[in-house]
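Here the sequence shown is numbered in our numbering, starting from 116 and rising by one per residue. Where is the CB? At the ideal position from N, CA and C, for every residue including glycine. Some notes on the structure that comes next.
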Amino acid sequence: MSSKGFVRLGPVLNGLFIALGFCMSVGSAQADGSDPVIGSTNVVVADPTVPRPAGTPCVVQLFNDVTFTDFNTRPYDYTPPTSCQGRWAKVVLEADFSVTAGRQYDRTATLWLGGVNLYFGTTQEPSRVVSPSWHVERDLTDYDTLLRQAGKGQAIIGNIVNDTYTGVIHGSARLLFYPASLLAPPAPVPDAVYPLGADAVGNTAVLNGPTDKLAKTLSLPRNVVRAYLDVFAQSQGGDEFWYTCVPDAYAAQAQECGGGNFREAEVSIDGQPAGVAPVYPWIYTGGIDPYLWRPTPGVQTLNFMPYRVDLTPFAGQLSDGSPHEVALSVAGAHGYFSATAALLVYRDRHAHQVTGHITRNTLADQPPTPTIGSTLVADSSGNVSGDITTQLTRQFVIEGYATTSSGRVVSSVAQTVGFNDLQRFTINASTYRQQTEQLTQLDSVSQSRVGPLMTVEYRQHAAYPLQVDYNQQTAADGSVSVATMAHQGYTNHGERRWLGFAIYAADVGNTVDSSDTLNFDASGAVTGHTGQQSAQSFTFRDSFGSCYRTDLSTTAGALATYATGQGCPDQQNRVWWIAHPDGSPDSRNLQVGW
């Protein structure tokens with residue numbers, strides 16, 4: 116990965132972090148932390164685990180070896196660790212899942228506590244002979260205040276087990292609390308966490324259309340100085356393959372799902388547009404062709420990352436003592452999206468009352484309405500060819516002020532969000548081919564000023580590229596072959612500045628490329644598959660010297676190559692324990708106090 120854009124620390128500061136042992140090795144997310152075995156058919160990913168500080172954590176088991184065979188919730192009680200009652204440097208969720216060999220769909224999996232989501236992902240599909248197992252982790256340090264209180268939680272993995280669908284899912288989960296110390300200082304966590312949604316223990320909301328919303332009316336403290344919303348929006352049902360859909364006017368001709376393929380999460384406060392969250396095109400392990408994802412699933416398939424929306428310009432408005440509705444919807448939703456969100460709030464410890472207002476909001480005048488273009492044509496024989504394009508770019512600024520104990524703080528969020536999609540079709544008597552090229556991008560700058568002094572600035576660039584080539588060929592005898600190639604990517608660059616000086620930068624890159632050909636006889640029965648292969652590459656670097664890289668490839672459903680540390684110093688992965696190499700939101704480096 117190029118080092119362009121990295122912030123370089125001075126030798127004294129850099130040496131201090133190294134001397135304090137702020138760097139640690141980190142592995143990829145295998146269940147036992149070791150490298151996987153070449154030839155293995157079990158789940159294998161290149162994703163990093165969550166880095167930890169030195170020391171022994173306190174462990175709280177949420178549940179152990181629970182089976183999921185129906186759509187009932189699996190409740191559990193949570194009590195904070197009695198032996199780690201002081202400040203925490205880091206809190207990590209670890210969960211292990213497996214499913215018995217046989218036939219089973221991919222299933223959505225969520226874990227909850229007090230209405231707040233602790234984990235969101237999907238399960239790996241098994242095969243007749245492979246009972247996959249996998250390990251996931253999530254950094255929950257920002258939910259410190261939630262975890263200080265005893266509460267009710269539940270695990271939800273809706274599953275059907277009968278004579279046809281035989282795979283039984285098992286799961287265990289625990290929380291690890293790392294005590295703060297001189298070398299691992301306590302995290303500057305939010306002062307409060309508020310779940311959106313009506314379920315006190317936790318569940319997702321169903322958003323069938325763009326006017327449906329997940330909303331919560333909250334009475335917040337009167338001294339809010341910063342606010343963020345962690346957003347999950349997962350496609351389900353008819354929206355599972357939203358990235359292949361076309362506008363209704365072309366659905367019959369293209370033989371595809373309607374509703375178009377633009378999707379974006381919209382955040383509002385008291386009905387006023389307040390921010391956006393790009394929707395990642397996750398592909399689950401039963402998606403398109405299940406063999407594409409054995410043994411390596413797509414980007415984040417087993418462990419979704421939330422997108423964090425900066426709502427700090429609204430701090431003064433949220434502090435006025437009145438109830439406020441915070442809501443989430445999905446533009447373009449077409450039956451349906453499964454959504455959840457949590458509001459993270461920081462308070463002014465030296466003021467009982469913060470006042471302020473929104474002074475500028477150009478998002479309010481820009482509805483999420485994409486531009487559609489088409490060259491799709493049909494000849495006299497009924498053969499169809501051509502492209503359908505979908506494009507939307509919005510540039511907006513949201514600015515507000517808050518009068519705090521540090522003075523009048525002006526906060527702004529300036530963003531450019533872009534969505535570009537091309538669907539190319541070739542349809543005739545022997546061919547149905549759909550080529551998808553999609554790119555979602557976001558450039559964001561969050562700033563806070565006290566008077567003329569720029570105190571904090573955070574810059575982010577995120578990109579979600581997706582290409583899918585689906586090529587179905589029908590032979591003279593009626594047999595069918597379907598060759599699929601898929602490319603998924605996730606890149607994120609974040610950079611923090613304080614008083615005009617660059618203090619931290621980090622880059623995450625994750626790509627998965629997969630291909631396979633499914634074969635069917637004239638009756639539509641699967642006769643086999645050929646050519647399965649895939650590759651994943653995961654990279655992370657930051658300006659404090661962290662370096663992580665893992666590359667793998669698979670062939671015929673088994674791990675073919677696996678390499679870690681290539682290009683890193685001493686060819687070893689080493690990551691600063693405060694870093695977020697998985698791309699999850701990072702509040703420790705997100706804000707610096709005024």
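- With a cutoff of 8 angstroms on beta-carbon distance, H608 and Q575 are scored as near each other.
- For A366, the three-state secondary structure derived from DSSP is helix.
- The segment 208 to 227 and the segment 239 to 256 touch, with three or more beta-carbon pairs separated by less than 8 angstroms.
- Between N543 and N476, the C-beta gap is not smaller than 8 angstroms, which leaves the two residues out of contact.
- Taking C-beta separations shorter than 7 angstroms and ignoring five residues to either side along the sequence, the partners of C662 in its chain run R656, C683, P684, N688 and R689, following chain order.
- DSSP places Q432 in the uninterrupted alpha helix (DSSP H) bounded by A430 to L433.
- With respect to A454, L667 sits apart: the two C-beta atoms are not nearer than 8 angstroms.
- Short of 8 angstroms from the beta carbon of H467, and not among the five residues preceding or following it, lie these beta carbons of its own chain, in chain order: R337 and N338.
- In the structure shown, T223 adopts extended strand secondary structure according to DSSP, grouped into three states.
- Secondary structure remark: continuous beta strand (DSSP E) runs of at least 3 residues inside the segment 231 to 280, in chain order: 231 to 237, 248 to 254 and 266 to 272.
- W357 sits in a helix when the DSSP states are folded into three classes.
- Counting of Cβ neighbours within 10 angstroms places L568 among the exposed residues, the total staying below 16.
- When P151, D162 and T215 are compared, the shortest CA-CA separation from T182 is found for T215.
- Secondary structure at A479: helix, using DSSP grouped into helix, strand and coil.
- Taking 8 angstroms as the upper bound for CB-CB distance, G268 and V316 are in contact here, some 7 angstroms apart.
- In the displayed model, D306 falls within coil according to three-state DSSP, outside both helix and strand.
- Counting only runs of 3 or more residues that sit fully inside the segment 372 to 428, the beta strand (DSSP E) segments are 379 to 384, 387 to 393 and 422 to 425, in chain order.
- Pairwise C-beta distances place the segment 340 to 353 out of contact with the segment 290 to 304, as fewer than three of them are shorter than 8 angstroms.
- Note on S495: under 16 other CB atoms within 10 angstroms of its CB, so exposed under the neighbour-count rule.
- Cβ-Cβ distances below 8 angstroms link Q387 to I473, N476 and A479 in the same chain, with the five nearest sequence neighbours on each side left out; the list follows chain order.
- In this structure, Q648 sits near T669, with a CB-CB distance shorter than 8 angstroms.
- Contact between the segment 390 to 402 and the segment 484 to 491 is not established, with fewer than three Cβ pairs separated by less than 8 angstroms.
- Measuring C-alpha to C-alpha distances from Y406 to each of Y258, A601, S383 and S434 identifies A601 as the nearest.
- Nearest to V460 by alpha-carbon distance, out of K205, D259 and L674, is D259.
- According to DSSP, residue pairing for V346 in a beta bridge involves Y422 and A456.
- Across the set L290, T551 and L333, the C-alpha of L290 shows the shortest separation from the C-alpha of L262.
- Burial check for N418: the Cβ neighbour count within 10 Å reaches 16 or more, so the residue is buried.
- Here I284 is not near I271, since their CB atoms are 8 angstroms or more apart.
- Taking 3 residues as the shortest admissible run, the segment 501 to 580 contains the following complete beta strand (DSSP E) segments, listed from N- to C-terminal end: 522 to 542 and 546 to 565.
- Between S563 and R611, the alpha-carbon positions lie close to 12 angstroms from each other.
- S520 and Y191 have their alpha carbons spaced roughly 41 angstroms apart.
- The segment 241 to 257 makes no contact with the segment 169 to 186, as fewer than three CB pairs between them are under 8 angstroms.
- Counting along the chain, the unbroken beta strand (DSSP E) around W203 starts and ends at W203 to V214.
- About 5 angstroms separates the Cβ atoms of V245 and T156, confirming a contact at the 8 angstroms cut-off.
- Rounded to whole angstroms, W692 and S702 show a C-alpha spacing of 14 angstroms.
- In this structure, F377 is the residue among Y547, F377 and D622 with its C-alpha nearest to the C-alpha of F452.
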